[in-house]
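When you line the sequence shown up against UniProt numbering, it's residues 1 to 341, in that order.
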Amino acid sequence: MHPSSDTTPSGPFSPRRDENPGTSMHLKSSPSGRVPQWVVEEALEQQRHARLDPWRQRREQRRAARVTRKTARRWAKASKRRNRVWRASPAIGIGLLAVLWFGPTIFNQYALPAISPYLPNASAPPPRLTASRDPLGVPPAVADTGGYRFMDSPDPDQEMVAYDPCRPVRVVVRPDNAPPGGQQLIDEAIAEVSAATGLQIVDAGTTTEAPSNRREPYQPDRYGRQWAPVLIAWSDAAEHPDLAGDVAGLGGSTARQVDGRPFVYVTGQVVLDAPSLTAMMESPDHVRAVIMHELAHVLGLTHIDDPSQLMYGDNLGLTDFAAGDRAGLARLGAGTCVPRL
Numbered sequence: 001m002h003p004s005s006d007t008t009p010s011g012p013f014s015p016r017r018d019e020n021p022g023t024s025m026h027l028k029s030s031p032s033g034r035v036p037q038w039v040v041e042e043a044l045e046q047q048r049h050a051r052l053d054p055w056r057q058r059r060e061q062r063r064a065a066r067v068t069r070k071t072a073r074r075w076a077k078a079s080k081r082r083n084r085v086w087r088a089s090p091a092i093g094i095g096l097l098a099v100l101w102f103g104p105t106i107f108n109q110y111a112l113p114a115i116s117p118y119l120p121n122a123s124a125p126p127p128r129l130t131a132s133r134d135p136l137g138v139p140p141a142v143a144d145t146g147g148y149r150f151m152d153s154p155d156p157d158q159e160m161v162a163y164d165p166c167r168p169v170r171v172v173v174r175p176d177n178a179p180p181g182g183q184q185l186i187d188e189a190i191a192e193v194s195a196a197t198g199l200q201i202v203d204a205g206t207t208t209e210a211p212s213n214r215r216e217p218y219q220p221d222r223y224g225r226q227w228a229p230v231l232i233a234w235s236d237a238a239e240h241p242d243l244a245g246d247v248a249g250l251g252g253s254t255a256r257q258v259d260g261r262p263f264v265y266v267t268g269q270v271v272l273d274a275p276s277l278t279a280m281m282e283s284p285d286h287v288r289a290v291i292m293h294e295l296a297h298v299l300g301l302t303h304i305d306d307p308s309q310l311m312y313g314d315n316l317g318l319t320d321f322a323a324g325d326r327a328g329l330a331r332l333g334a335g336t337c338v339p340r341l
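This is the structure we're talking about:
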């Protein structure tokens, strides 16, 4: 509403005097005689409200009541939220103390193994969650006649270390320097040790990787986020000095462990002396026997002091596994499944 023409200022501002007698406003003043501004504003609001007709007065009263109820509800809800926060505070505090106290142990035991395969310079791949829960093959039933020995185990309480039978053993070949027919002999040797163990040994193709005594078991840049496959390489003493002398081949594997489970082999390599084996190709059965001998080393057998076995330290003309060799290989085919490795 606009002020009417008979409004006259009194001090900085004065409320309108009602034209009807008995309705003029008596303003409160301070001891100094000054009228506070809030008194003036309150008087003006009372005058405005008095001029409203009854219907408008009731409407404004209802509106004011609604605003009051909403404000009360908001304060009530806010108060409840504050109460919940304060009630939860002791629990939060206890939780924080627990994290600070047990945090390093929990992190090292659970969090770090989960994230470490994805960190730079990781030394192991992520767990193969798609790995089978059951062995992919069954070793043949053979009489355990003895006549075999296992490679030394990293754990003195674990008699042998073997490959996980619930996942395939992948093999790659570096074909450089291979004699004619060399790949066929490798394929035949792989078939023999696969049948003797029940392990699923699969051809993963060729590679340019060179053999090394310090071969990394995990090479994601070359083979992806999985353990490196078993490497078979034709080489010589110039590239691999351990082939010097009358050594026709070398074989072995790398073992790993996780979560207190048994050690298992995750990869290995066979290094074949190309010059000496090329000279033996007139008797391909003997070359194949050398490859079988080295693959048996990869799977976990070591030399035995029994010249009747193929795993004897010197090749005395045998071209196939003997009873002791087969008994040891059958046991190695019944290793432990470790899907988290």
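All C-beta atoms in this analysis are idealised placements derived from N, C-alpha and C, irrespective of residue type, glycine included.
| Check | Outcome |
| --- | --- |
| When LEU299, HIS286, GLY300 and ARG59 are compared against LEU185, the one with the closest alpha-carbon | HIS286 |
| Three-state secondary structure assigned by DSSP to ARG261 | coil |
| Beta-carbon proximity check, THR302 vs MET160, cutoff 8 Å | no |
| Status (buried if at least 16 other CB within 10 Å, exposed otherwise) for GLY335 | buried |
| Enclosing beta strand (DSSP E) for ILE291 [first to last residue] | ILE291 -> not in any beta strand (DSSP E); alpha helix (DSSP H) instead, spanning 284-299. |
| Under 8 Å between C-beta atoms of VAL298 and GLY252 | yes |
| Any alpha helix (DSSP H) of 4 or more consecutive residues that is wholly inside the region 138-190 | none |
| Residue span of the beta strand (DSSP E) that contains SER235, given as start and end | 230-235 |
| GLY268, buried or exposed, once every other Cβ within 10 Å from all chains shown has been counted against 16 | buried |
| Three-state secondary structure (DSSP) of ARG256 | strand |
| Distance between LEU341 and ASP164 (C-alpha atoms, nearest Å) | 9 Å |
| Where VAL193 falls: helix, strand or coil (DSSP) | helix |
| Cβ-based burial, LEU243 [other Cβ within 10 Å; buried from 16] | buried |
| Integer Cβ distance of ALA330 from PRO140, believed to fall under 8 Å | 6 Å |
| Beta-ladder partner(s) of THR267, from DSSP | THR254 |
| Cα-Cα separation between THR206 and VAL172, rounded to whole angstroms | 5 Å |
| Chain-order list of residues whose beta-carbon lies under 6 Å from that of TRP86 (same chain, five-residue window excluded) | Per-residue confidence for TRP86 stands at a pLDDT of 46, beneath the threshold of 50, marking its modelled position as unreliable; the derived number appears in the next sentence. Correct list: empty, nothing qualifies. |
| Which listed residue (TYR218, ASN315, ALA289 and GLY137) has its alpha carbon closest to that of HIS197 | Contrary to the premise, residue 197 reads as Thr rather than His in this sequence. Of the listed residues, the one whose Cα sits closest to THR197 is GLY137. |
| Backbone CA spacing between ALA327 and ALA255 [nearest angstrom] | 22 Å |
| ILE190 to ALA289 span [Cα, whole Å] | 11 Å |
| Segment limits, alpha helix (DSSP H) that includes GLY328 | 323-332 |
| CB contact flag (ARG225, GLU209, <8 Å) | no |
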